[in-house]
Amino acid sequence: MAKKRPNIPKNIKESVLKEYHHKCAICGHSDPHIHHIDENPSNNDKDNLLPLCPNCHIQDTHDPTSPPEPQKLQLFRKYKDPLILDSKFHPIYKRTKFLHDEELRKNSRLFRYYVYELLEFIEQFEMGPFYKNKIANYLANVYSRYALKLRNEGMNID
């Protein structure tokens, strides 16, 4: 059964199109469609909308064999960096998904394992040692703040 598609409010649609200069967010072609990142046609929040030309809309977002992850489209929407959708970015993206797993973040040993694995992967790139240190410092601060929050809430973390 087809999803009911309410119209996107004109002011929101125009705002999204203007933000991307009335071009496809991926390839820059004219006359884009508006894609709902979360594929919910009634969620017309501006941050959930992305202008895509017919080719990018069909090929990249409705490919049943490998649909893009909504979280990756949200990153793209937020930072407007086409490299986020590039296949070369996917291995890094996959290795950072643990950062959003609440249960995993409570397990300090497992969390540290995933951090180590991510940092070892990053280190292999050109400028990897530099970025490895930057990311390690950032993740140490993220985990410390999260651990403190859990302790303040009375939770034990290992």
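In the numbering used here, the protein residues as written are 1179 to 1336. We put the CB at the ideal spot given by N, CA and C, even for glycine.
| message | For a test of the three-state rule: what should DSSP assign to residue 1229, helix, strand or coil? | response | Residue 1229 carries a strand assignment under DSSP once its states are collapsed to helix, strand and coil.
| Where does residue 1283 land, buried or exposed, given buried means 16+ other C-beta within 10 angstroms? | In this structure residue 1283 is buried. Its beta-carbon is surrounded by 16 or more other beta-carbon atoms within 10 angstroms.
| request: Out of 1304, 1204 and 1321, point me to the one whose CA is closest to residue 1276's CA. | output: Among 1304, 1204 and 1321, the Cα nearest to that of residue 1276 belongs to 1321.
| request: Could you check which residue in 1194, 1205, 1192 and 1255 has the C-alpha nearest to that of residue 1231? | output: For residue 1231, the nearest C-alpha among the options comes from 1205.
| request: Determine the closest residue to residue 1298 out of 1192, 1269 and 1330, with distance taken between C-alpha atoms. | output: Ranked by Cα distance from residue 1298, the options 1192, 1269 and 1330 are led by 1269.
| said: Mapping the DSSP letters down to three states, classify residue 1322 as helix, strand or coil. | reply: DSSP places residue 1322 within a helical segment (H, G or I) once states are collapsed to three.
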